[in-house]
Amino acid sequence: MSASSYLPPPQVPDANWALFLDIDGTLLEHAEHPDAVVVGERLRTLLVELETKLDGALAFITGRSISVADRLFKPLRLRAAGLYGLEHRLEMNGPVLAASEPADIAALAQEIEAELGVANVYVERKGPILAIHTRAAPHLLPRATQLVEEALKHLPKGYRVLAGNAGVELMPLQAAKGAAIRRFMDLPAFVGKQPIFLGDDTSDEPGFDTVNEMGGLSVRIGPPRQTSARYALSSVDQALAWLAESTGQKGDARWSSLSA
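Here our numbering = 1-based position in the sequence shown + 115.
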């Protein structure tokens with residue numbers, strides 16, 4: 116990964132592009148607890164306008180479950196890959212192909228919550244994925260990481276540990292945002308279009324790699340760091356303003372603060 120080519124993205128193409136969007140840290144500011152984020156009406160309207168402009172070639176690519184994304188963006192039920200691609204909704208308002216929680220992951224979640232849950236650490240159970248959020252208690256990130264790495268030794272093969280900016284996750288190997296993007300790119304609404312993927316975290320790197328291989332635009336949101344993304348926008352506000360400009364709206368550096 117390199118930060119040497121970390122440049123502001125070019126103007127969004129006028130046509131023939133497909134848009135893939137992470138949610139937290141990309142469309143919404145991070146909060147100490149994942150349930151504390153708020154989606155404003157202006158953002159919902161922007162997503163509807165983008166989906167219409169792109170003739171349906173828009174999808175969330177998120178670590179959240181699709182059910183949670185639906186709750187956040189209600190009444191919208193957009194195309195989405197949830198749980199890093201372990202569940203999908205391939206058509207707007209269509210059915211969700213969901214993933215269930217294995218018994219060993221459920222037991223591990225209870226053990227970790229018993230130790231860290233009393234210290235403002237949020238243990239999120241997302242089917243086969245276990246996410247430990249330490250944004251409210253950053254000093255406990257090393258301990259959370261140690262717990263999931265130790266658990267990995269005793270779980271069936273096929274799991275991996277993924278470190279994030281403010282937490283750590285345990286997930287199946289097949290959970291990868293790049294694979295989710297490839298699945299959508301085979302659908303009629305996406306075929307032949309240039310992919311654009313916006314994300315902010317280490318879990319988005321496989322998506323950046325995939326979009327780069329396809330000749331698309333990979334855009335990382337947030338302050339500079341080592342990344343495979345070829346372009347950058349410094350904040351959620353800038354990301355939303357950039358997307359809004361593609362629909363003909365005037366960019367506004369305070370976009371997300373005005374979106375409620």
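Idealized CB from N, CA, C, for every residue including glycine. Note that the structure is predicted; figures quoted are calculated from it, not measured.
| said: Please classify residue 341 as buried or exposed, where buried requires at least 16 other C-beta atoms within 10 Å of its C-beta. | reply: Residue 341 comes out exposed.
| Selection from 289, 292, 259, 242 that minimises the alpha carbon distance to residue 278 | For residue 278, the closest of 289, 292, 259, 242 by C-alpha to C-alpha distance is 259.
| In whole angstroms, what separates the C-alpha of residue 229 from that of residue 163? | Residue 229 and residue 163 have their alpha carbons spaced roughly 42 Å apart.
| said: Quick check: what's the CA-CA separation for residue 322 versus residue 282? | reply: If I take the Cα positions, the gap works out to 19 Å.
| request: Determine the burial state of residue 215: buried for a count of at least 16 other Cβ atoms within 10 Å of its Cβ, exposed for fewer. | output: Burial call: exposed.
| Does DSSP put residue 298 in a helix, in a strand, or in coil? | If DSSP states are grouped into helix, strand and coil, residue 298 belongs with the helices.
| said: Distance check for residue 255 and residue 263, CA to CA, integer angstroms please. | reply: Between the alpha carbons of residue 263 and residue 255 lies a gap of roughly 13 Å.
| Exposed or buried, what is residue 306 when buried is set at 16 or more other beta-carbons lying within 10 Å of its beta-carbon? | Result: exposed.
| request: To the nearest angstrom, report how far apart residue 210 and residue 250 are at their CA atoms. | output: As the crow flies, the alpha-carbon of residue 210 is around 33 Å from that of residue 250.
| task | Hey, could you find the ends of the beta strand (DSSP E) residue 257 is sitting in? | result | No beta strand (DSSP E) holds residue 257; the alpha helix (DSSP H) holding it covers 256-267.
| said: Based on DSSP bridge pairs, tell me the residues matched to residue 286. | reply: Per DSSP, 275.
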